[in-house]
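Asks: Residue numbers (the working numbering): 27 to 285. Shown below is the structure under consideration.
Written out as structure tokens, the structure reads:
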């Protein structure tokens, strides 16, 4: 029996999901909704917040007490593999609240296995990009002036190339990761469909996503400035807000009621 058109469409590889257009300041609304989610599920938010606090705190501890930056790469790779999985748990909490259900730790943990091939494939993709980023940084460091007190002019080539490469890679990572985990968890599509759809959504909402990117960087800086303690609140906040951004931007056949 031939497959139905709806099934063919669902299993189509590397398709692009349509996107809505949101206002430039929409990310502030996502954060406001995220605060409501934290208030609605404080214990689960605290549990996941502690997990996300331990990881960067461990990285900071290793760098500080080992006296070498060589531990950053393996620690960052471990975070790239583990982080998206636990973020899925927070997305599930926000999704359950959206549906009017009471979220539970068991249900949120099961979300890590809703689309294992896609979710772990995405984690590996982030790991590969991170390794490439680290290697490029090491190569660029060779341009650092080999003199005691380099002038700004002597540093210009190093700073310029480093800023360009870092900026491009940061933009790429942001574009592919903005909505990819949420799409894979809810829609259970292949990783390429999720990545292509995320890039398209970011491109369609460039102004709003720029604001969202600035907010993420600002909150992460605050998290590290507090010795990683701030991540207890910041990581659940960013994860819930990311879910609301996904709801607002990625089109669905039926209107979502929790935006």
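Positions of the beta carbon are idealized from the N, C-alpha and C atoms, including for glycine. Here the structure is a predicted model, which is why all the values come from computation and not from measurement.
Should residue 270 and residue 56 be called a contact, given that it needs their Cβ atoms to be closer than 8 Å?
Replies: The residue labelled residue 270 in the question sits at position 244 within the chain shown. The residue labelled residue 56 in the question sits at position 30 within the chain shown. Yes, they are a contact pair.
Asks: How big is the Cα-Cα spacing for residue 27 and residue 41?
Replies: Taking the chain shown and counting its residues from 1, the one referred to as residue 27 is at position 1. Taking the chain shown and counting its residues from 1, the one referred to as residue 41 is at position 15. Low confidence applies to residue 27: its pLDDT is 42, below 50, so where it sits in the model is not reliable enough to give any reading.
Asks: Are the beta-carbon atoms belonging to residue 181 and residue 174 less than 8 Å from one another?
Replies: Taking the first residue of the chain shown as 1, we reach residue 181 at position 155. Taking the first residue of the chain shown as 1, we reach residue 174 at position 148. No.
Asks: Buried or exposed, going by whether 16 or more other CB atoms sit within 10 Å of the CB of residue 254?
Replies: For the purposes of this step, residue 254 is taken as residue 228 along the chain shown, with counting starting at 1. The residue is buried, with at least 16 neighbouring Cβ atoms inside 10 Å.
Asks: Less than 8 Å separating the beta-carbons of residue 134 and residue 51?
Replies: Position 108 of the chain shown, counted from the start, is the residue given in the question as residue 134. Position 25 of the chain shown, counted from the start, is the residue given in the question as residue 51. Cβ atoms of residue 134 and residue 51: not closer than 8 Å.
Asks: At the level of alpha carbons, what is the spacing between residue 87 and residue 112?
Replies: Counting from 1 along the chain shown, the entry for residue 87 is found at position 61. Counting from 1 along the chain shown, the entry for residue 112 is found at position 86. For residue 87 and residue 112, the distance between alpha carbons rounds to 21 Å.
Asks: Please go through the same chain and pick out, in chain order, the residues whose beta-carbon is closer than 6 Å to the beta-carbon of residue 220, but skip the five residues on each side of it.
Replies: Taking the chain shown and counting its residues from 1, one reaches residue 220 at position 194. Once the five neighbours on either side are set aside, the close Cβ partners of residue 220 are 206, 209 and 210.
Asks: Counting pairs of beta carbons, one from the segment 192 to 201 and one from the segment 252 to 266, are three or more of them closer than 8 Å?
Replies: Touching, no, given that fewer than three Cβ pairs across the two stretches are closer than 8 Å.
Asks: For residue 176, which residues from the same chain have a beta carbon less than 8 Å from its beta carbon, with the 5 sequence-adjacent residues on both sides left out?
Replies: Taking the first residue of the chain shown as position 1, residue 176 is located at position 150. Cβ within range, chain order: 170.
Asks: Can you tell me where the alpha helix (DSSP H) holding residue 179 begins and where it ends?
Replies: Position 153 of the chain shown, counted from the first residue, corresponds to residue 179. 178 to 203 is the span of the alpha helix (DSSP H), which, as asked, contains residue 179.
Asks: Got a sec, what are the start and stop residues for the alpha helix (DSSP H) residue 212 sits in?
Replies: Along the chain shown, read from residue 1 onward, the residue named residue 212 stands at position 186. From DSSP, the alpha helix (DSSP H) with residue 212 extends over 206 to 213.
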